[in-house]
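By my numbering, the letter at position 193 of the sequence shown is numbered 193, and the numbering carries on one by one without gaps. Just so you know, even glycine gets a beta-carbon here, dropped at the ideal spot from N, CA and C. In this text, all values refer to a predicted model and were calculated from it rather than measured experimentally. One structure is given below, encoded as structure tokens.
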Amino acid sequence: MSLKKTLTIAGSDTSAGAGMQADLKTFQELNTYGMVALTAVVTMDPETWGHDVTPLPIDLLDKQIKTALSIGPDAIKTGMLGTEEIISRAAQAFKDSDAEIFVVDPVMVCKGEDEVLNPGNTDAMIKELLPLATVVTPNLFEAGQLSGLGKLTSIDQMKEAARIIHERGAQHVVIKGGKALEGQEAMDLYFDGKTYTLLITEKFQSSYNHGAGCTFAAATTANLANGQSPREAIINAKGFVASAIKYGWKMNDFVGPVQHGASNKVEKIEVATKEV
Ligand SMILES: Nc1ncnc2c1ncn2[C@@H]1O[C@H](COP(=O)(O)OP(=O)(O)O)[C@@H](O)[C@H]1O
Ligand SMILES: Cc1ncc(COP(=O)(O)O)c(C=O)c1O
Ligand SMILES: [Mg+2]
């Protein structure tokens, strides 16, 4: 049986809970053949866990994309891109490919770090990535930036942000409330251009959640590549990441990654939905 091929254009998280490592682990768990075009390498100071982002030379990214496209990905996902030039390259990679699925995880901040990686990137993401996106998966902060609405704190504000992001070209929008949204449950808002649906699970421990966003977007990508509808792909990805967070673990005094394989190996978590 041949596997669907999923390509991530993303950064390397040396601690391996997030970034392209999370993407590859998730692609593997969900039965696709994962491939990578690396944009940057993130290293951490062992004393403080402060992040240092080193972009790769652009011609090296070009060579990776050329190689990967020659293999023929069925679906492409983006993660940390870091510069406007790399954002353009990611958009062009999708246009140059035969892939029909483009999942954009608009990474602007690393959890625990509140500094935006590069403020000029937001405009480039709006202009170049949103019009191509099959699915876009901003967290609460990123949705505020992509919609121009700023800080979002309620479901009504999330609905307005989702509407604007959809209008800017993304076909399916998921705004991740996650732990940033107050309440007992972990709620994400899904908008397909017609209906607003809340995706709900229990809110689990939230200290060991490094890589949750990457894992969610990668699971959505793999599910779409395997033929699920956008709605199914997104709901199943939410269950997959909820299990990964429930069984997240302490790596050191600073960080704990999700357990990418928990949904398949430990416990599958059901997702409730509610139209709003
Ligand atoms: N404590 C939690 N319990 C259950 N699900 C969570 C928790 N925190 C985040 N999630 C879910 O994990 C996914 C990733 O969200 P989030 O952590 O906000 O993204 P990011 O890592 O990009 O900031 C979303 O589906 C979100 O609802
Ligand atoms: C390379 C890379 N990509 C993406 C992220 C974002 O991770 P998360 O899934 O926690 O939003 C990080 C965070 O450290 C990272 O290092
Ligand atoms: Mg994220």
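Ligand 1 never approaches K77 closely enough for any of its heavy atoms to be under 6 angstroms from the residue's Cβ. Looking at the DSSP output, S12 sits in a beta bridge with V41. Excluding sequence positions up to five before and after V271, its CB lies within less than 6 angstroms of the CB of L199, T201, I235, K238 and G239, all in the same chain and listed in chain order. Residue state for K151 is assigned as coil, using DSSP reduced to three classes.
In this structure, N121 has its beta carbon at no less than 6 angstroms from each heavy atom of ligand 3. Going by beta carbons, M125 and P106 fall inside the 7 angstroms limit.
Here L81 is buried: its Cβ has 16 or more other Cβ atoms, across all protein chains shown, within 10 Å.
Relative to ligand 2, V41 has its C-beta separated by 6 angstroms or more from all heavy atoms. DSSP, read as helix, strand or coil, puts P55 in strand. According to the DSSP assignment, E202 belongs to the beta strand (DSSP E) that extends over Y196 to E202.
Apart from sequence neighbours up to five positions away, the residues of its chain that approach T220 with a beta-carbon distance below 6 angstroms are V103, V135, A233, I234 and A237, ordered along the chain. Taking 7 angstroms as the cut-off, the beta carbon of T6 is found no closer than this to the beta carbon of T43. By the criterion of at least three beta-carbon pairs nearer than 8 angstroms, the stretch 256-269 is in contact with the stretch 18-29.
The C-alpha of H172 lies about 36 angstroms from the C-alpha of N252. The beta carbons of R89 and I65 sit about 7 angstroms from each other, so the pair counts as a contact at 8 angstroms.
Separation of G183 and Q145 (C-alpha to C-alpha, rounded to the nearest whole angstrom) is 22 angstroms.
Within the stretch 99-140, complete beta strand (DSSP E) segments of at least 3 residues are found at 101-104, given in chain order. The alpha carbon of S206 has as its nearest neighbour, out of A218, K274 and K250, the alpha carbon of K250. Cα atoms of M187 and D62: separation of roughly 37 angstroms, rounded to the nearest angstrom. Counting other Cβ atoms within 10 Å of its Cβ, E85 stays below 16 and is therefore classed as exposed. The C-alpha of G79 is placed about 24 angstroms away from the C-alpha of G193. For T221, the enclosing alpha helix (DSSP H) covers residues A212 to A225. Taking a cut-off of 6 angstroms from the heavy atoms of ligand 1, the residues with a C-beta inside it are K111, N139, K176, G177, G178, K179, A180, A186, D188, T201, K203, F204, S206, N209, A212, G213, F216, K238, V241, A242 and I245. For M80, there is no enclosing beta strand (DSSP E), as DSSP marks it with neither H nor E.
When the beta-carbon positions are compared, I175 and F204 stay at least 7 angstroms from each other.
For K265, same chain residues with a beta-carbon under 7 angstroms away, outside a window of 5 residues either side, do not exist. Considering only I76, S2, L3 and D52, the residue with the shortest C-alpha distance to A10 is I76. The Cβ atoms of L224 and I101 sit closer than 7 angstroms to each other. T48 sits in coil when the DSSP states are folded into three classes, being neither helix nor strand.
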